[in-house]
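In my numbering, the protein residues as written are 25 to 134.
Virtual Cβ for every residue (Gly too), placed ideally from N, Cα, C.
What follows is a set of notes on a single structure, which appears directly below.
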């Protein structure tokens, strides 16, 4: 954990083609209600997978975001129909905290 109380799980997922992958993020920042989800590309850059404001999810194509981004709630990112391109490290962030040290490694075709 960290001082911002942002938590993400699981640390790793092992999936096959066509399966979906789910990961969860929560925070304990009082009065804050936004969670951002990022995918780290092969070039180490972070690409937005979508975000959640309160209980409304705003995913990019190929993702689902549901749950609750308020303090104490849980936001769930789902990757639908995994492909080789899905293999990556995914991070959640709750500003003003920025990225956490926690991440989820999605491993495809293992």
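Residue i (DSSP reduced to helix, strand or coil)
i           : result
residue 108 : helix
residue 30  : coil
residue 131 : strand
residue 95  : coil
residue 80  : strand
residue 48  : strand
residue 114 : strand
residue 36  : strand
Chain C within 9 Å of residue i, Cβ atoms only
i          : result
residue 62 : Here chain C cannot be found, since the structure has a single protein chain.
Nearest-angstrom Cα separation, counted from residue j out to residue i
i           : j           : result
residue 104 : residue 88  : 8 Å
residue 106 : residue 57  : 28 Å
residue 40  : residue 81  : 26 Å
residue 63  : residue 109 : 11 Å
residue 35  : residue 126 : 7 Å
residue 95  : residue 114 : 21 Å
residue 132 : residue 28  : 31 Å
residue 112 : residue 32  : 15 Å
Own chain, CB closer than 8 Å to residue i, minus 5 neighbours either side, in chain order
i          : result
residue 98 : 48, 49, 50, 91, 92
residue 55 : 95
Proximal residues to residue i (C-beta, below 6 Å), its chain only, five neighbours per side dropped
i          : result
residue 37 : 45, 130
residue 60 : 75, 117
Beta-carbon spacing of residue i, residue j below 9 Å
i          : j          : result
residue 84 : residue 70 : no
Proximity test, residue i beta-carbon vs the ligand ZN heavy atom, cut-off 8 Å
i          : result
residue 34 : Ligands displayed in this structure: none; no statement on the ligand ZN is therefore possible.
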